[in-house]
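Here the sequence shown is numbered in our numbering, starting from 979 and rising by one per residue. Built from N, CA and C at the ideal position, the CB exists for glycine as well.
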Amino acid sequence: MISLIQTAEGALNETHDILQRMRELSVQSANETNTADDRGALDKEFQQLKNEVTRIADQTQFNTKTLLKGGFGAASSAGTDIVAASGVTDYNVGGSGVGNIVLTSAAGTNSGVKLTATFTDTDGNSTTQVLDDVAAPTGTNSKTISFDKLGFSFTANNALSDTSFGGDADSTIAVTATAAKFQIGANKDQTIDLSINNMDATALGINGSDILDKDKSQASIEALDNAIKLVSTERANLGSVQNRLDHTINNLSTSSENLTAAESRIRDVDYALAA
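Structure follows, in structure tokens:
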């Protein structure tokens, strides 16, 4: 488990460095001494770095398990409408709680599709988020549909339409767990939970950023400050769990040593003398 945490933390360290460089570019672009061509050149590096943030999140794995896309440790099952034929090629519930997510679709107010997701937790409390006028991808393209308030997203294809989801059991995703459990003892329920949030550009709030003019550069600085804070918080979470595990290992080693000594004393008893 420590190796897994170190893998995730190492990737986030690189993400942190990338975000710092993106912020430097934003500050540079915000300066009025730059021409449009200057800002265009700066934005080329900015966009490449932004793409690298998402690539790191997509491809950081430990024993084939993806760590930084928000789904690590999450367990769920979906109704029959959550398939490619309805527009869903993949979904992620890593930021959600335990409960049910129900999807409905309708014609958008102006164009496209109106999507509604309602999350109901185990106590019956509900939260709803509406995305209006969502455009379905064209051709073989795909796009991420993110219900950020619910911690839920899915990848849509061109089958997404106003009839994709009916708000019934077929359109429900049941989230049964949100954290990975690691066995740290020899007995039942001696576990530690670990969850890792989504760390791609969309989840960090920078996916739509560019630095092609002064105002956009200023907005990018603010967005990157928030993204850096999110990454720092996640790294602190990973570090705290790793430190806890270090103490757990020390405790288990002490317990094992004492139990071995106790077993040895029992085996070495001179029963004839004891009688």
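Check	Outcome
One or two residues paired with Thr1044 in a DSSP bridge	Gln1039
Contact check, Gly1183 vs Asn1215, beta carbons under 8 Å	no
Inter-residue spacing [alpha-carbon to alpha-carbon] between Gln1180 and Glu1241	The displayed chain sequence assigns Thr, not Gln, to residue 1180. Rounded to the nearest angstrom, the two C-alpha atoms are 56 Å apart.
Ala1155 - DSSP class collapsed to helix/strand/coil	strand
Proximity below 8 Å, CB of Gly1057 to CB of Thr1133	no
Status (buried if at least 16 other CB within 10 Å, exposed otherwise) for Gly1163	exposed
Cβ-Cβ separation, Asp1140 to Arg1017 (assumed contact under 8 Å), whole Å	That pair is no contact at about 39 Å.
Cα-Cα separation between Asn1103 and Ala1095, rounded to whole angstroms	14 Å
Cβ-Cβ separation, Leu982 to Phe937 (assumed contact under 8 Å), whole Å	A query on residue 937 cannot be resolved here, the shown segment of the chain reaching from 979 to 1253 and no further.
For Ala1085, the residue or residues it bridges with in DSSP	Val1091
Neighbourhood of Thr985 by C-beta, 6 Å cutoff - its chain only, sequence neighbours within 5 removed	Phe1040
Own chain, CB closer than 6 Å to Thr1106, minus 5 neighbours either side, in chain order	Thr1096
Sheet register partners of Gly1077 (DSSP bridge)	Asp1099, Val1153
Ser1064 and Ser1173 closer than 8 Å at C-beta	no
Same chain, Cβ closer than 7 Å to Ile980, five either side skipped, listed in chain order	Gln1220, Leu1223
Local Cβ density within 10 Å of Ile1227, reported as buried at 16 or more and exposed below that	exposed
Proximal residues to Ala1052 (C-beta, below 6 Å), its chain only, five neighbours per side dropped	Val1071, Gly1072, Thr1156
Ile1199 - DSSP class collapsed to helix/strand/coil	helix
Buried or exposed by the 16-neighbour rule on C-beta atoms within 10 Å, applied to Ile1244	exposed
Burial state of Ala1062, where buried means 16 or more other Cβ atoms lie within 10 Å	exposed
Local Cβ density within 10 Å of Ser1054, reported as buried at 16 or more and exposed below that	buried
Euclidean distance between Cα positions of Val1076 and Val1153	5 Å
DSSP state of Asn1176 mapped onto helix, strand, coil	strand
Residue burial classification, Lys1159 (beta-carbon count within 10 angstroms, cutoff 16)	exposed
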